[in-house]
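To start, the structure under review is shown below, and the notes come after it.
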Amino acid sequence: MTPMAAISKIRPNLWFDGQAEAAASFYVSIFKNAAILSVDNISAGPAEGNKIVTFELEGLQFTAFDAGPHFQFTPATSFEIACDAQEEIDYFWEKLGQGGETQQCGWLQDRFGLSWQIAPAELPQLMHKNPKAVMEAYLTMTKVDIAQLRAAAQQG
């Protein structure tokens, strides 16, 4: 793994209802630079039988824990994957979207309810060139098409 994880002070914590290990395994199977770092079973107290899973995706450590049905994920919080090519967008869209729900502008909610934005890395530059045309094109998309966004950026 990269040294980034060792120095990062920010670690997303993900609350699951009994699916922490399955979710971590799912995410680790999709990303190239990924690993489950630890799985701890809670052996006492009110959380007995639950798991805490630490895993890493592309240098960022996450903690997933089983904590019951009290809280659910919403699209208000998402993880953006900045993709360099259409093939990368297609890959993450297919893999993370399995059993989930697709949404507008490259967003999807995976089968565990976590939201992801599958976006081109160059989106900020394209938006800067021609914000109106790029946004109009972007709003018509579910899965992002980089070629269409590039064409929109050149309009004008």
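Counting in numbering that gives the first Met the number 0, the sequence shown runs from 0 upward without gaps. Positions of the beta carbon are idealized from the N, C-alpha and C atoms, including for glycine.
Residue environment, residue 39, which counts as buried when at least 16 other CB atoms sit within 10 Å: In the sequence shown, the residue the question calls residue 39 occupies position 40. Looking at its Cβ environment, which holds fewer than 16 other Cβ atoms inside 10 Å, residue 39 is exposed.
Beta-carbon separation of residue 101 and residue 139 under 8 Å? In the sequence shown, residue 101 corresponds to position 102, counting from 1. In the sequence shown, residue 139 corresponds to position 140, counting from 1. In this structure, residue 139 does not lie closer than 8 Å to residue 101 by Cβ.
Name the DSSP beta bridge partners of residue 51, please? Indexing the sequence shown from 1 puts residue 51 at position 52. Answer is 39, 64.
Secondary structure at residue 57, three-state DSSP: helix, strand or coil? Position 58 of the sequence shown, counted from the start, is the residue given in the question as residue 57. Three-state result, residue 57: coil.
Output the distance between the C-alpha atoms of residue 106 and residue 15, rounded to the nearest integer angstrom. Along the sequence shown, one-based indexing puts residue 106 at 107. Along the sequence shown, one-based indexing puts residue 15 at 16. About 20 Å.
Indicate the three-state DSSP secondary structure (helix, strand or coil) for residue 2 in the structure shown. Within the sequence shown, the letter at position 3 stands for residue 2. Any reading at residue 2 must be qualified, since the residue scores a pLDDT of 49, below 50, and its modelled position is unreliable; no value is offered.
Pull up the distance between the alpha-carbon of residue 56 and that of residue 151, whole angstroms please. Numbered from 1 along the sequence shown, position 57 holds the residue referred to as residue 56. Numbered from 1 along the sequence shown, position 152 holds the residue referred to as residue 151. Cα to Cα, residue 56 sits roughly 32 Å from residue 151.
Contact between the region 126-136 and the region 64-76: three or more CB pairs below 8 Å? no
Pop quiz: residue 123 and residue 82 are said to be a contact at Cβ under 8 Å. What is the actual Cβ separation, rounded to whole angstroms? As a position in the sequence shown, residue 123 is number 124, starting the count at 1. As a position in the sequence shown, residue 82 is number 83, starting the count at 1. Contact flag wrong, Cβ pair sits at about 13 Å.
Taking the alpha-carbon of residue 97 as reference, which of 112, 17, 48 has the nearest alpha-carbon? Translated into positions along the sequence shown, residue 97 becomes position 98. Checked all of 112, 17, 48; the closest Cα to residue 97 is 112.
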